[in-house]
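Enquirer:
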Amino acid sequence: MRKRARVIYNPTSGRELLKQKLVDILNIFEQAGFETSAFATTPEPDSAKNEANRAGRDGFDLVVAAGGDGTINEVVNGLAPLKKRPKMAIIPAGTTNDYARALHIPREDPVEAAKVVLKNQTIRMDIGEAGDNYFINIAAGGLLTELTYDVPSDLKTIFGYLAYLVKGAELLPRIKPIDMDIKYDDGEFKGKASMFFLALTNSVGGFEQIVPDAALDDGKFTLIIVKTSNLVEIMHLASKVINGGKHINDPRIIYKKTKKVVAKPIMNRMQINLDGEYGGDAPMKFVNLKQHIETFANLDDIPNKAYTDESEELINVEKNFIENVDKLPDNDTDDNN
1 MRKRARVIYN
11 PTSGRELLKQ
21 KLVDILNIFE
31 QAGFETSAFA
41 TTPEPDSAKN
51 EANRAGRDGF
61 DLVVAAGGDG
71 TINEVVNGLA
81 PLKKRPKMAI
91 IPAGTTNDYA
101 RALHIPREDP
111 VEAAKVVLKN
121 QTIRMDIGEA
131 GDNYFINIAA
141 GGLLTELTYD
151 VPSDLKTIFG
161 YLAYLVKGAE
171 LLPRIKPIDM
181 DIKYDDGEFK
191 GKASMFFLAL
201 TNSVGGFEQI
211 VPDAALDDGK
221 FTLIIVKTSN
231 LVEIMHLASK
241 VINGGKHIND
251 PRIIYKKTKK
261 VVAKPIMNRM
271 QINLDGEYGG
281 DAPMKFVNLK
291 QHIETFANLD
301 DIPNKAYTDE
311 SEELINVEKN
321 FIENVDKLPD
331 NDTDDNN
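Numbering of the sequence shown is given in UniProt numbering, commencing with residue 1 and proceeding in unit increments.
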């Protein structure tokens, strides 16, 4: 029997580029030996999730998530609970496309992204379980939660990664620490922190140096807790991230590898962000599901093909950010500034 593939695509992603290129995309998967059909997501809640779950239960061999990181997250949430899971492929068409960055999949041309399946290279990817939900890239509480919620969707579409830098700079002055209790495999943090997050890949919000030593299939999260809420100190940490991932040994950071995490607030409410969307309130338990979904990826180490080169505009923004932070004082006495 011929193998079957189901392409689940968001028709509004990437300025509707997916819809325009759909015939070519389907043809690529046909070339790869799959009898291929397509499903356009709708505005109804869990549209992509429900279709992915149905396709998996119906015995499809491959489910293709075509859209932004939100669409990919939904597809993973549909597949993850199944005992027998189909393989997955992704075609990025969103703002930051963190998952595509991690898998070295072209992010500017959906047809080129589809062609990754022709190489027949896969990796068994870790995913995160958070309560009744699953995530593919990050779970977070604190600053990152505010940042991703507060960047308007139209701003993301037009400016992409630059929107996060600009909006993040606006948000920094109103960061307040949260009393939190974070238990992990070999320790516990209990105290004030501006944010924590768990990462599954090396790409978080377009930054590829936040987790410079990330492994995609080792069964462990990278836990980062930012203990300071001082504006100047956070700016210095951000500069270290951009400037080669030099933040991981900073004393204002807890940087750990762990299979499980339990996060809870000590006093105030703490919202949890899963892959950029609201995922419920803490307390919450996070478990790494090792090598849970087999995913097509570009495993060849060819950087020019794996990643889209950064634009000159973005390079200049990052350069100017580092230069301006270097001019700031080393410390600021107001921790809640």
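The beta-carbon is built from N, C-alpha and C at its ideal position, and this holds for glycine as well.
For E129 and chain C, any beta-carbon pair shorter than 9 Å?
Expert: The structure shown contains no chain C, having only a single protein chain.
Enquirer: Does the pairing of the region 81-89 with the region 195-204 give three or more beta-carbon distances under 8 Å?
Expert: Taking 8 Å as the limit for Cβ pairs, the verdict is that the region 195-204 does not touch the region 81-89.
Enquirer: Which class does T295 belong to by DSSP, given the choice of helix, strand or coil?
Expert: As a position in the sequence shown, residue 295 is number 295, starting the count at 1. Correct three-state label for T295: strand.
Enquirer: Spatial neighbours of E294 within its chain, please: CB distance less than 6 Å, with the 5 preceding and 5 following residues excluded, ordered by chain position.
Expert: To locate residue 294, count along the sequence shown from 1; it is residue 294. K87, T122 and R124, listed in sequence order.
Enquirer: Is the Cβ-Cβ distance between L289 and I127 less than 9 Å?
Expert: As a first step, residue 289 is located in the sequence shown; it is residue number 289 there, counting from the start. As a first step, residue 127 is located in the sequence shown; it is residue number 127 there, counting from the start. Going by C-beta atoms, L289 is nearer than 9 Å to I127.
Enquirer: Shortest alpha-carbon distance to D58 belongs to which of V111, K3 and P106?
Expert: Counted from its first residue, the sequence shown places residue 58 at position 58. If we check each option's Cα against that of D58, K3 comes out closest.
Enquirer: One question on the structure: do P11 and K21 come within less than 9 Å of each other, judged by their Cβ atoms?
Expert: Along the sequence shown, one-based indexing puts residue 11 at 11. Along the sequence shown, one-based indexing puts residue 21 at 21. No, the Cβ-Cβ distance between P11 and K21 is not below 9 Å.
Enquirer: Taking T201 as the reference, which of D69, K227, T36 and F29 has the closest Cα?
Expert: As a working note, residue 201 is residue 201 in the sequence shown. Among D69, K227, T36 and F29, the Cα nearest to that of T201 is on D69.
Enquirer: Does the separation of the CB atoms of residue 338 and A114 fall below 9 Å?
Expert: No information on residue 338 is available, as it lies outside the stretch 1 to 337 that the chain covers here.
Enquirer: By the DSSP assignment, the beta strand (DSSP E) with R107 in it spans what residues?
Expert: Numbered from its first residue, the sequence shown carries residue 107 at position 107. No beta strand (DSSP E) holds R107; DSSP gives it neither H nor E.
Enquirer: Using the rule of at least 16 other Cβ atoms within 10 Å of the residue's Cβ for burial, across every protein chain shown, is N53 buried or exposed?
Expert: For the purposes of this step, residue 53 is taken as the residue at position 53 of the sequence shown. Buried.
Enquirer: Apart from the five residues on each side of it in sequence, which residues of its chain come closer than 7 Å, Cβ to Cβ, to K190?
Expert: Position 190 of the sequence shown holds residue 190. So the list reads D181, once near-sequence residues are dropped.
Enquirer: What are the boundary residues of the alpha helix (DSSP H) that residue 361 is part of?
Expert: Given that the chain is displayed from residue 1 to residue 337, the structure contains no residue 361 and the question cannot be resolved.
Enquirer: According to the neighbour-count rule (16 or more other Cβ atoms, all chains shown, within 10 Å of its Cβ), is I266 buried or exposed?
Expert: Indexing the sequence shown from 1 puts residue 266 at position 266. Label assigned to I266: exposed.
Enquirer: Can you name, in chain order, every residue of its own chain whose Cβ lies under 6 Å from the Cβ of E51, other than the five neighbours on each side?
Expert: Taking the sequence shown and counting its residues from 1, the one referred to as residue 51 is at position 51. Only I8 and F39 meet the Cβ criterion.
Enquirer: Thinking C-alpha only, which one of N77, T222 and I90 is nearest L26?
Expert: Here residue 26 refers to the residue found at position 26 when the sequence shown is read from its first residue. Among N77, T222 and I90, the Cα nearest to that of L26 is on I90.
Enquirer: Please state whether DSSP places K115 in a helix, a strand or coil.
Expert: Walking along the sequence shown from the start, residue 115 turns up at place 115. If DSSP states are grouped into helix, strand and coil, K115 belongs with the helices.
Enquirer: Return the residue from the list R107, T36, I28 and D132 that minimises the CA-CA distance to V117.
Expert: As a working mapping, residue 117 is identified with position 117 in the sequence shown. Comparing Cα-Cα distances from V117 to each of R107, T36, I28 and D132, the minimum goes to I28.
Enquirer: Using 8 Å for Cβ pairs, my map puts N137 next to D275. What's the rounded Cβ distance?
Expert: Locating residue 137 in the sequence shown gives position 137, counting from the first residue. Locating residue 275 in the sequence shown gives position 275, counting from the first residue. 5 Å between Cβ atoms; contact.
Enquirer: Determine whether the beta carbon atoms of P212 and I248 lie at a separation below 9 Å.
Expert: Locating residue 212 in the sequence shown gives position 212, where the first residue counts as 1. Locating residue 248 in the sequence shown gives position 248, where the first residue counts as 1. Yes, these two residues count as a Cβ contact at 9 Å.
Enquirer: How should G219 be labelled, buried or exposed, when 16 other C-beta atoms within 10 angstroms of its C-beta is the threshold for buried?
Expert: One-based indexing of the sequence shown puts residue 219 at position 219. Exposed, by the Cβ-count rule.
Enquirer: Distance, Cα to Cα, L62 vs F286?
Expert: Against the sequence shown, residue 62 aligns to sequence position 62. Against the sequence shown, residue 286 aligns to sequence position 286. Whole-angstrom Cα-Cα distance: 27 Å.
Enquirer: Below 9 Å between beta carbons: does that hold for G279 and A130?
Expert: Here the question's residue 279 lines up with position 279 in the sequence shown. Here the question's residue 130 lines up with position 130 in the sequence shown. For G279 and A130, yes; Cβs fall inside 9 Å.
Enquirer: Would you list the one or two residues that DSSP bridges to R4?
Expert: The residue given as residue 4 occupies position 4 in the sequence shown. BP columns for R4 point to E35.
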